[in-house]
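Data block below; observations after.
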Amino acid sequence: MSFTDFVSTISNIVAPARSSAPPAASVGFSPAPRAEAAPAPAPTSFTPAPPPGSPTSSGLGISFQTAYTWELLPEPARSKFLALRDEANDVHSPLDDLREQISEVRLDLQKAGARVAQITREAVARLDGGDQPGLNAEREKVARLTAELQRLQARFDARSAAWRSKHVVVSSLEDYLRRAGGPFEMGPAVAAPVPSKGEGLLDVIARVRQKVDRLREDKQAIVDAPVPASQAKAVAVAEIERFAAKGRPNVVGLVDGASSINWATRYELAAPILGPDGRVTAFAGRDREQIDVWSFLCWLHKDQIVARVSAEIDAVADDASALSPETRAKKLVQASEALIAAEREEESAVMAALAAGYVVDRRPDCDPRAVLNIVGPAPAAAI
């Protein structure tokens with residue numbers, strides 16, 4: 141049962157019996173269902189394995205992490221990573237206590253609602269429509285508990301959201317360190333962008349993030365740019381040549397007295413027939429070996445096929461927008477350098493805003509190298 145349904149049920153119980161007044165409006169609070177409100181526990185990678193000689197390492201506990209990934213970092217990147225991780229853990233720590241408080245208040249609310257229902261049923265059984273002793277007090281208790289439950293749930297939801305925003309960044313950093321493996325060195329010092337006239341620190345962050353978005357689009361455009369027609373034709377010709385070489389008939393056997401040509405063949409597997417449960421129940425026919433007609437045609441009419449395929453490529457090619465492999469590689473290097481520089485600038489703007497007391501969330505897809513201001517391999521998810 142969701143929290144909203146729970147509160148509505150209590151409200152219906154509390155409503156006076158046989159009252160002519162319309163039912164009370166349901167409380168305007170609709171948090172997520174309780175099963176979804178609790179965030180997933182922090183990953184074990186948030187707490188590195190203890191060093192040798194500690195109680196855990198001596199067999200008195202369990203360790204899920206075998207190495208300190210952050211030890212690969214130079215200072216001050218190492219200290220910054222640990223601070224970000226500790227900050228995420230600090231935000232997560234009160235969630236268990238809040239969850240317990242919510243459970244206790246929810247149980248008290250259920251008991252109070254049941255008490256109101258009991259008093260009301262007893263009054264109905266006695267055909268007594270007057271006020272019953274303790275009924276108003278129980279109704280007031282239900283109202284107080286409902287308000288308290290709403291307050292605790294709001295705090296829980298807000299803190300959960302804050303933890304998730306920090307947790308995703310720390311997880312991204314840990315994943316990068318684990319995959320990249322180093323070596324790392326500190327990146328260049330980047331000064332925080334100077335606000336333009338009328339800009340605040342948050343406006344600066346928004347402006348720099350727009351710049352980052354544009355650079356990402358520019359880099360993706362380089363990746364998506366077509367190849368020149370000549371390159372496409374070379375790939376097509378190479379494929380046709382492979383088929384032609386395979387399809388060439390072998391007539392050596394005829395010279396040696398064989399009674400047939402040794403044609404190129406291909407093996408065709410029987411198609412499986414799936415049952416209602418998705419499992420294979422039978423096969424349509426049998427596996428068989430047959431003459432590779434397509435390869436033979438490529439051998440027989442290779443020049444004509446090459447000419448027709450080349451004409452098709454010319455019809456759809458866009459050499460004005462195309463990039464050669466060399467040009468694409470050069471442009472990608474330049475775009476990557478511009479992008480990481482902009483993301484370092486964004487991190488400097490975020491740090492300036494945090495130092496000024498603003499609440500700022502880092503982007504979940506921020507480049508770990510920019511967050512830690514290090515030089516290292518590009519993240520695996522980078523274009």
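Numbers given in the numbering used here equal positions in the sequence shown, counted from 1, plus 140. All C-beta atoms, glycine included, are put in the ideal place defined by N, C-alpha and C. From a predicted model like this one, the values you see are computed outputs, not experimental measurements.
In this structure, the CA atom of Arg-246 is about 16 Å from the CA atom of Asp-297.
If you look at Val-420, you'll find it in the beta strand (DSSP E) that goes 420-424. Shown here, Arg-388 sits in coil according to DSSP, grouped into three states, outside any helix or strand. In this structure, DSSP gives Val-367 a state outside helix and strand, which the three-state scheme calls coil.
The Cβ neighbour count for Val-310, taken over all protein chains shown within 10 Å, is at least 16; the residue is labelled buried.
Per the DSSP secondary-structure output, Tyr-316 pairs with nothing in a beta bridge.
Within a 10 Å sphere around the beta-carbon of Lys-359 sit 16 or more other beta-carbons, which makes this residue buried. For Leu-213, the three-state secondary structure derived from DSSP is coil. The beta-carbon distance between Val-348 and Pro-335, rounded to whole angstroms, is 11 Å. This is too long to meet the 8 Å contact definition. Within the stretch 439-487, complete alpha helix (DSSP H) segments of at least 4 residues are found at 442-456, given in chain order.
One alpha carbon belongs to Leu-463, the other to Ser-305, and they sit about 39 Å apart.
When secondary structure is reduced to three states using DSSP, Asn-402 falls in the strand class.
Counting C-beta pairs closer than 8 Å gives fewer than three between the stretch 217-232 and the stretch 250-257, which falls short of the contact rule.
In this structure, the CA atom of Leu-414 is about 4 Å from the CA atom of Val-420. Judged by their CB atoms, Pro-504 and Phe-324 are not nearer to each other than the 8 Å cut-off. Looking at the DSSP output, Pro-412 shares a beta bridge with Phe-423.
Arg-502 counts as buried, since no fewer than 16 other beta carbons sit within 10 angstroms of its beta carbon. With respect to the 8 Å criterion, Leu-317 and Thr-405 are not classified as neighbours on the basis of their beta carbons. Taking the Cβ atoms as the reference, Arg-426 lies roughly 5 Å from Ala-410, within the contact range of under 8 Å.
Within the DSSP secondary-structure output, Arg-428 pairs in a beta bridge with Glu-408. Annotation: the continuous alpha helix (DSSP H) that includes Ala-510 extends over 508-512.
In the pairwise beta carbon analysis, the stretch 480-496 is classified as not touching the stretch 384-394: fewer than three pairs are separated by under 8 Å.
Across the structure, Tyr-407 and Ala-385 are spaced so that their CA atoms are roughly 17 Å apart.
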